[in-house]
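Right, one structure below, let's go through it.
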């Protein structure tokens with residue numbers, strides 16, 4: 008408890024200088040549809056139990072609900088990622104960081120270190136220091152490769168220790184050889200030996216909407232990544248996706264079981280059986296397995 | 008036998024509505040050089056025993072014969088594939104499916120379901136229902152990714168159960184996570200969570216020549232795929248390729264064996280030995296191993 | 008009259024060997040919605056008077072009708088064209104020609120010259136010989152540049168003399184310097200000094216649906232090209248587009264006239280006036296100018 | 008005066024709902040180096056007389072000062088523009104507009120129309136209504152082409168009437184044919200017949216820093232565009248650029264005059280003469296022409 | 008005469024330090040097929056009278072001879088050029104300059120200024136100082152844009168004054184606005200406001216073979232550029248190209264004259280007439296016009 | 008010893024015909040900073056013991072020294088490689104080979120076979136025959152894929168047997184399936200079934216500076232490749248890199264050990280501890296481990 012409050016204070020201190028941050032009031036306004044609790048700064052907190060269920064989903068199950076929602080056409084970012092450890096699903100709550108090309112008149116007054124005594128701490132490291140269990144850092148570095156390397160092996164270790172999840176960066180990572188053994192899933196655009204370069208890039212926003220591929224990501228969105236790409240799920244849709252997916256799982260299990268018998272054409276079975284007896288058999292199977 | 012005729016009738020029924028299909032007469036005309044038997048619809052049937060031999064080839068051995076044939080410059084499609092399971096060779100007889108961007112005036116009269124009672128079966132699923140052992144579906148989806156996903160895990164299972172081979176699609180697949188465990192080699196351009204979208208794409212041809220990369224593929228061509236790309240071998244060249252490859256296998260075996268002794272410069276041995284004694288040694292080795 | 012019949016016979020002779028051609032019966036089936044007359048081969052013949060009206064349109068006016076039609080999402084091909092004489096609108100009736108990469112087993116039996124005595128005439132030149140006034144050749148050369156040059160200055164002259172329109176080729180042209188002075192609008196992908204190369208490309212279809220960019224083009228479609236790209240308008244939509252455009256013309260004329268006074272904010276006037284007096288003024292203006 | 012206040016009030020009304028807007032206080036903080044006056048909302052107002060001088064510059068003269076400033080490496084955006092009327096220089100004060108992919112939970116509460124009676128006015132049109140003489144709209148539409156068309160001929164007319172300058176859009180324009188005759192310089196990425204589509208894009212910021220190419224643009228920056236690309240000049244550097252350019256103009260005039268005599272090698276004259284007599288001649292020429 | 012010798016001496020002085028230069032002996036060896044005279048340094052000197060004739064050619068006429076020469080497949084560089092003044096043909100004798108990414112251990116000992124007193128003259132400016140009437144500088148800057156700008160308006164003026172031709176640079180130019188009025192044809196890859204940057208690029212060769220696009224260019228090759236791209240013609244082929252082109256000119260003149268009568272199909276006339284009377288007419292026409 | 012001299016003589020014989028080769032004198036001039044011994048032809052010979060230490064480096068450690076050296080900005084080539092066996096580090100001494108597009112007038116006099124009796128040995132195979140233990144062939148094939156395949160399985164075996172290292176080719180390899188089992192790391196651009204084609208490419212230089220990506224590579228540079236790309240290290244910097252890396256290793260070890268305790272924020276520890284006690288602890292740890 009004490010720790011939580013400390014974090015909050017630090018947040019207020021370290022980040023108030025950013026050009027863009029959503030106030031708690033704004034966070035509530037722009038995530039008004041969130042049906043769950045919230046963190047101290049207003050960010051939606053989809054419960055851990057729900058995150059566990061999301062880990063069992065496929066990206067198509069996310070699509071099947073989200074593509075029907077008017078006003079949410081582009082929550083998917085599928086093109087051009089390089090993926091480290093594509094065999095591990097990436098699931099967690101988005102925290103967002105936005106960079107833009109550096110210019111001194113904006114950078115100097117917005118750097119949290121300006122006017123502070125004590126050691127200089129890079130803005131992205133302050134951001135990493137605030138990460139919590141279940142968070143997924145989502146970093147908009149506008150595809151920058153040289154000097155756009157958000158972490159090397161040391162900070163990647165720090166992220167993984169804090170979050171137990173992974174990382175999304177529309178930019179680069181450094182020291183791919185050193186990061187590989189950590190075993191965390193990372194979605195990135197490139198690799199470069201240079202460290203992040205604050206003379207060409209500056210932090211402009213923390214926990215604001217950011218554009219990743221063709222998706223707008225909000226803090227508190229559920230990040231879902233696998234071989235098929237990345238989805239950013241607004242909290243208000245998580246439950247429906249999880250609920251519908253159970254039926255899809257059972258349907259696909261039954262469909263492939265039937266096809267594996269070699270006795271049917273695909274259209275006898277898929278997308279749904281036409282024969283009344285098969286139909287009945289499937290419905291029975293579904294009833295028996297739902298909720299198990 | 009009975010089964011074969013059924014398939015043929017079904018074919019006639021289900022596909023007669025397509026805009027483009029080669030009649031049996033046309034199939035014979037355009038594959039007149041085929042030295043083997045044929046399926047009921049006229050498609051060349053390179054024998055299974057020959058397919059087994061093709062599985063032992065390398066793509067360079069295919070090249071060495073095909074690049075010499077006047078009029079067959081572009082049977083290779085090597086650029087821009089993503090390959091699932093590149094460690095498994097893809098070998099089989101091509102069946103082809105062509106899509107174009109949808110327009111209602113063409114799509115409605117050419118859909119096999121138009122004017123038919125009973126359940127609606129998507130044209131590409133009718134195509135999958137007709138697949139036989141040893142077939143390789145080769146699908147021209149003109150590089151379409153979103154809404155250009157020819158299969159997900161259910162239909163991929165259906166294809167693999169029917170063919171025991173794999174899939175080539177100049178377009179996308181869906182549910183890469185669910186398809187991966189099936190273990191079939193797939194050559195594709197991208198992945199997307201959406202299903203195939205008949206409001207933007209329509210089937211225009213079945214078992215016609217299709218363009219894949221820079222190659223024109225005919226039904227009955229032998230599909231050959233490995234890490235090095237895809238070849239589409241007209242039936243009339245299969246035997247010569249297989250025959251010549253045996254010599255190449257023995258040659259490479261001997262060459263590498265000699266180089267591994269560390270006693271020779273590469274030009275002493277490769278492409279062929281200059282020294283009369285070595286020359287003789289190689290010829291003896293070749294004679295002993297040919298046909299074994 | 009005599010001329011028309013000759014053309015038809017020639018057509019039957021010269022082209023029957025093509026792999027794909029729509030028979031008159033198929034042409035009627037796939038253009039059943041055409042409200043106008045037809046050429047002898049069944050191709051829709053949107054009247055010249057209507058073509059004249061189409062020349063007064065903008066590409067946005069075409070879009071405003073076509074984007075509403077279910078099943079016609081992609082009649083626009085806007086990306087990646089190089090345009091010769093972009094200041095001249097291209098309007099006419101599509102005739103289509105399809106190429107694929109050459110392979111001898113298809114090319115030899117489908118070449119109209121095979122088995123014929125007399126001089127060899129290249130298939131694309133036979134196609135050009137059949138062009139009529141108001142036609143626009145639409146050629147699918149699958150983006151081929153070297154050896155994919157459908158015309159140089161001589162054949163471009165032949166096309167322009169016959170059609171008085173222009174040319175669309177998803178491929179290349181030759182002799183850009185010599186073609187430029189002819190003054191016809193051409194939409195093409197590149198330029199190369201080589202002539203078309205029948206050892207790497209072959210004609211596979213004449214007057215069939217072809218894919219150009221993301222559009223499927225049918226013979227008889229109205230080609231509409233300007234600086235904004237290309238539209239292929241199915242005949243059944245031409246009249247509605249022309250009718251609606253008249254209102255848009257008057258609306259834009261009035262809107263810009265008002266804005267030019269400098270007395271209004273854009274939202275006072277555009278997209279439509281809110282003020283009742285202005286509304287009335289506009290309606291009066293519209294009534295006075297419609298049909299003039 | 009009265010007018011100025013009205014504008015300010017309107018601004019407050021129309022735009023307060025945007026997710027991101029710099030308050031007057033923030034505007035002062037982030038443009039603290041501005042040596043000139045300001046608009047009511049705090050945006051720097053480089054004087055008209057200075058804008059006139061900027062029109063006489065070349066892009067190299069801008070570069071020669073800006074590339075030396077630590078912290079301003081990337082004020083140039085030169086790649087990938089299509090330019091309408093490249094022969095006319097684009098010079099004016101930036102006002103900025105930022106879009107992101109639409110999502111309903113952000114879009115609804117941030118739309119200025121939400122909860123307002125009266126006619127719905129699109130956010131980008133409200134932005135256009137506020138433009139003043141000498142402004143250059145700089146729009147971040149993240150390269151979107153279809154549905155990313157910020158203006159057609161009507162709104163382009165409105166912009167030109169208000170600003171007498173031009174337009175920069177990292178996105179598309181509509182109705183290129185209708186916009187061309189207005190004669191204003193426009194830097195854009197593509198053309199599409201569709202209007203802007205608020206179901207896939209939403210306004211997220213007005214008069215905030217935006218990223219255009221590799222540059223971060225601030226409201227009040229001087230936009231400078233010619234055949235060589237675009238520069239966004241922070242107000243604090245305008246005077247130095249103008250001052251130094253005069254010398255460069257005279258230097259280049261003298262250099263080319265000398266080279267045109269045909270009596271010198273380039274290195275006798277350029278970058279500066281080595282010969283003492285020539286050196287003296289140049290210095291005299293410079294002194295005589297400076298300030299004229 | 009005196010001037011010529013001076014140039015030669017200067018050449019020897021200024022350039023001996025380059026990493027790669029062909030000695031006169033090497034120049035003779037690698038241009039042994041040159042049928043014309045030579046410059047003092049051994050570079051082939053195709054006569055001015057021949058250059059005049061080359062100006063009347065089209066790029067297709069160059070192609071028609073060169074594509075037949077075994078061992079000269081790739082003398083054409085057609086892709087990806089931006090052309091300034093494409094309406095003016097570029098014809099002249101190639102002089103070549105090669106850059107590579109800078110590294111100090113190579114750059115310092117190969118800079119002609121090293122160890123010399125007097126003013127520092129940039130290596131590319133020494134190269135420009137040596138240009139003669141009829142030369143075309145061909146510069147391999149490996150596609151470099153930022154810092155790869157071989158000339159601005161001052162040095163472009165120097166080049167044009169010396170050569171009366173133009174410029175080819177696989178790299179960039181600076182100050183496009185200032186260069187445009189000079190009116191010389193330039194083939195380049197991009198534009199950037201920065202000057203050439205010797206901390207990232209260094210001169211590695213003068214008058215050696217350089218790679219431009221897919222062509223290898225030798226000093227003394229005839230550069231031929233128009234809207235259709237660039238050809239680099241080895242001297243030994245110039246005469247044959249010029250001779251054959253005359254026939255092509257007359258042929259095309261006659262062909263278009265005939266087609267313009269509107270009485271013939273294209274295949275009656277092109278590529279050559281079949282009808283004996285027409286054939287005769289053409290042959291007569293050719294005889295009458297040859298050599299005129 | 009005898010063997011070494013033979014190699015030298017052979018070198019002199021086989022390669023003297025190349026257009027570009029550095030003489031021993033030139034090699035010394037351009038690698039004057041080399042602090043180690045040399046091969047007979049002047050190529051720097053960084054000792055084996057040093058190569059062993061280089062194998063323990065990461066690419067970031069190379070960067071940290073090289074990016075500080077004035078005049079060596081671009082020794083890194085990171086973009087666009089396909090890597091075979093990325094899990095194995097590639098370390099060795101560069102030997103370089105340069106190709107350009109073929110033209111007969113250069114190729115014939117520069118081919119080492121010209122005027123020689125005996126069997127024809129391809130120039131690239133002569134190059135391979137000269138390879139020694141610890142060499143890494145670095146081949147500039149200007150990105151050529153078809154006909155740009157420097158090795159298949161036979162010559163790859165020859166390279167690996169001679170060098171025990173790997174291969175860098177800015178071009179293609181052939182027979183990827185056959186090369187894979189050899190297990191050597193290869194950096195390449197593509198795969199094609201064709202062999203190298205001397206009618207479109209010719210060898211122009213041996214052991215000269217070559218451009219690979221944005222780097223200039225000299226014979227004797229240390230090639231360093233891993234998942235993060237390729238570095239070409241001039242010999243004069245190897246020792247400093249190795250020395251500094253030891254400290255980095257210990258630093259990273261200590262940093263990650265501390266972060267793994269879960270008791271610290273990243274900024275308490277990284278990049279260096281602020282707390283005096285931690286600082287002291289780290290310094291002690293460093294002292295204890297340096298040189299171990």
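Chains as they are written, first to last, in the working numbering: chain A, 8 to 299; chain B, 8 to 299; chain C, 8 to 299; chain D, 8 to 299; chain E, 8 to 299; chain F, 8 to 299.
For glycine and all other residues, C-beta sits at the position ideal for the given N, C-alpha and C.
Kindly indicate if chain F contains any beta-carbon less than 8 angstroms away from that of residue i.
i, result
"residue 110 (chain E)", "yes"
"residue 19 (chain E)", "Reliability fails at residue 19 (chain E), whose pLDDT of 39 lies under 50, so the model's placement of it is uncertain and the value that follows must be treated cautiously. Not one chain F Cβ lies under 8 angstroms of residue 19 (chain E)."
Determine, using beta carbons only, whether residue i comes closer than 8 angstroms to chain C.
i, result
"residue 196 (chain D)", "no"
"residue 281 (chain B)", "no"
Would residue i count as contacting chain E if we go by Cβ distances under 8 angstroms?
i, result
"residue 262 (chain D)", "yes"
"residue 292 (chain F)", "no"
Suppose contacts are defined by Cβ-Cβ distances below 8 angstroms. Is residue i in contact with residue j by that definition?
i, j, result
"residue 46 (chain B)", "residue 215 (chain B)", "no"
"residue 165 (chain E)", "residue 273 (chain D)", "yes"
"residue 250 (chain A)", "residue 108 (chain D)", "no"
"residue 103 (chain E)", "residue 226 (chain E)", "yes"
"residue 248 (chain C)", "residue 68 (chain C)", "yes"
"residue 237 (chain D)", "residue 245 (chain D)", "no"
Closer than 8 angstroms, CB to CB, is residue i near chain B or not?
i, result
"residue 27 (chain C)", "yes"
"residue 206 (chain F)", "no"
Taking the DSSP output, what are the residues bridged to residue i?
i, result
"residue 233 (chain F)", "F:236"
"residue 219 (chain C)", "C:222"
Are the C-beta of residue i and some C-beta of chain D separated by less than 8 angstroms?
i, result
"residue 161 (chain E)", "yes"
"residue 123 (chain A)", "no"
Taking residue i and residue j to be in contact with their CB atoms under 8 angstroms, please state how far apart those CB atoms are, rounded to whole angstroms.
i, j, result
"residue 79 (chain D)", "residue 110 (chain A)", "6 angstroms"
"residue 157 (chain D)", "residue 146 (chain D)", "5 angstroms"
"residue 232 (chain C)", "residue 97 (chain C)", "4 angstroms"
For chain A, check one thing: does any of its Cβ atoms lie closer than 8 angstroms to the Cβ of residue i?
i, result
"residue 236 (chain F)", "yes"
(request) Taking only beta carbons into account, state which residues of the region 85-117 of chain F come closer than 7 angstroms to chain E, listed in chain order. (result) 107, 108, 109, 110, 111, 112, 113, 114, 116
(request) Please name the residues in the region 70-86 of chain B whose beta-carbon is closer than 9 angstroms to at least one beta-carbon of chain C, in chain order. (result) 76, 77, 78, 79, 80, 81, 82
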